[in-house]
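The structure appears right after this line, and notes come after that.
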Amino acid sequence: MNKQEKYILQYGSLAGWPYKIAKGLRKKGVASKNIILHDRDVHDLNRKLPYDEALCDVNSGKFHKFKTIVDFIEKATTECSLIHYHSSNIFYRELHWLYEGRKFTRAEIPMLLSFGGGDARPLKIANNKNRFFYKEPNIVKDFIISARYFSWSKNIKYAATDPEMTDYAMPYFEKIFPFRQPVDLTEITCNVPAKENDYPIFLHIPTEPKVKGTEEIVAAVKQLKEDGFHFEFRLKRQLTQQEVYNEIQHCDVYIDELKCGSHGVTAVETMASGKPTITYIREDLVDKFPKELPIVNANPETIYDVMRGLIMSHSMRHEIGLASRSYVEKYHDLLVVCDDLIGIYNEIS
1 MNKQEKYILQ YGSLAGWPYK IAKGLRKKGV ASKNIILHDR DVHDLNRKLP YDEALCDVNS
61 GKFHKFKTIV DFIEKATTEC SLIHYHSSNI FYRELHWLYE GRKFTRAEIP MLLSFGGGDA
121 RPLKIANNKN RFFYKEPNIV KDFIISARYF SWSKNIKYAA TDPEMTDYAM PYFEKIFPFR
181 QPVDLTEITC NVPAKENDYP IFLHIPTEPK VKGTEEIVAA VKQLKEDGFH FEFRLKRQLT
241 QQEVYNEIQH CDVYIDELKC GSHGVTAVET MASGKPTITY IREDLVDKFP KELPIVNANP
301 ETIYDVMRGL IMSHSMRHEI GLASRSYVEK YHDLLVVCDD LIGIYNEIS
């Protein structure tokens, strides 16, 4: 990339997909870089998510970080052709409208925002729509979410997100584009469950156990074992992204989450591996996904029956595995998603 060539900035480290998008765009001849503030994962995780560049070290002092942020924003006004935020802003999200957003608007740089979930999900609305939601309404947190939407909407006209987040974001943007989490199929081997296997392996790797419904999953496993069903259950945490990919290869069914009401990138990665994937999709959202969606829908009340059905039918596990890989190839392949994004970028530029 020469000095004169402007690039599309993918800012943030959301599940590693901003880096994948930047890499995919470069394969298509579009200049793009994934930049993050510093290399620090969420909660107690260390997934070693890839990125192109970190602005500073995680242990840098506050003044150094602040100066680095200000300097980078100034630099980006001359080097970036478009900015795609992924669940993150360069400076504080609630203050985007005061400085960062104004700078890029004055520089006539289009901005696009994609959400991670908890960064932009109003808890009161989420609870009204989903009786299994993992977090109680909280006035303070909802005020912060409202402040973020206010801040974003002052300078960011467009968002790209999934069906669940579209409902929350609709009032704040001129247009919301559909966005599907990308996976690089060259990194994920398809290993569909065998047609004949009477001892299936169920795998659960929660990033946040409370969010994922781990307690209810473990309870269902215990009850199934007591009722005489034969299967293996593996519960793992704190793995790198590559270790997660390796573990997925050796399971027959992946249990993702039971409470959020929509699927994330992990479900896409497990489907790409050819695994039946259990996730809770809210009833009002099912029709907003492509009709071929092969997710095995389960919530805390139905997880026992859903697991029992998959234990008893190895042919169903095999067929869902095949459908899962085909679905990801059609809708979530990195280069397919990049083609969609190029269309969005051209429209908003």
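Following our numbering, the numbering of the sequence shown begins with 1 at its first residue and continues without gaps. Glycine included, each C-beta is placed from N, C-alpha and C at the ideal position.
Using alpha carbons as the reference points, say which of the options lies closest to residue i.
i	options	result
F91	G117, G12, K33 and N130	G12
D284	G29, M165 and R106	M165
V268	T207, P137 and I295	I295
S313	K222, A323 and N197	N197
W97	R121, N155 and E187	N155
Y168	F231, D142, D184 and Q181	D142
V306	T240, Q223, A147 and I344	Q223
D340	G101, R93 and R180	R180
E79	V244, Y331, E187 and A107	A107
L123	A54, P137 and P290	P137
F66	T77, Y51 and E100	E100
K275	L203, R282 and Y331	L203
G29	C338, A147, I344 and T161	C338
S262	Y149, L113, P18 and F133	F133
R102	A323, T77 and D119	T77
L55	I69, G61 and K62	I69
R131	H318, R282 and A147	R282
E247	P206, A120, E216 and K210	P206
P50	Q242, H332, I73 and L25	Q242
A219	F173, N299 and Y149	N299
I344	T161, I139 and D71	T161
P290	A147, W17 and H332	H332
S146	I125, K135 and K157	I125
S315	D71, P171, V253 and G264	V253
G228	Q249, Y199, E215 and E208	Y199
F72	A323, W17, F104 and K129	F104
W17	K210, L185 and K62	L185
M170	V286, V328, F115 and I342	F115
Cβ of residue i within 8 Å of Cβ of residue j?
i	j	result
A31	K6	yes
T189	S273	yes
L95	S153	no
R237	I201	no
L14	I35	no
I311	F231	yes
V58	H38	yes
Y280	C251	no
T240	D256	no
P110	K288	no
A159	I144	no
G309	L258	no
V183	G321	no
K20	L334	yes
D355	K33	Residue 355 lies beyond the stretch modelled for the chain, which goes from 1 to 349, so this question has no answer here.
I278	L112	no
D119	S87	yes
H64	K195	no
E187	Y245	yes
In three-state terms, what does DSSP make of residue i?
i	result
N130	coil
T240	coil
V221	helix
L123	helix
M1	Low local confidence applies: a pLDDT of 41 at M1 is under 50, so the model's placement there is unreliable, and no value is given.
K33	strand
L25	helix
L334	helix
T266	helix
E226	helix
E347	helix
Y85	strand
E292	coil
E301	coil
I90	coil
V306	helix
E350	There is no way to answer for residue 350, as the model of the chain reaches only from 1 to 349.
Over what stretch of residues does the beta strand (DSSP E) that includes residue i continue unbroken?
i	result
G321	Note, G321: premise wrong, no beta strand (DSSP E); alpha helix (DSSP H) at H314 to Y331.
K259	V253 to G261
Y11	Y7 to Y11
E232	E232 to L235
S114	M111 to S114
Residue range of the alpha helix (DSSP H) that residue i falls in?
i	result
R282	Neither: R282 is in no alpha helix (DSSP H) and is coded neither H nor E.
I69	K62 to E79
I102	Going by the sequence as given, residue 102 is Arg instead of Ile. First-last of the alpha helix (DSSP H) with R102: E100 to R106.
K212	P209 to K212
Quick check on residue i - is its C-beta less than 8 Å from some C-beta in chain D?
i	result
I348	The structure shown contains no chain D; it holds only a single protein chain.
field: Runs of beta strand (DSSP E) lying entirely within the region 141-207, each at least 3 residues, in chain order
entry: 158-161, 175-178 and 201-204
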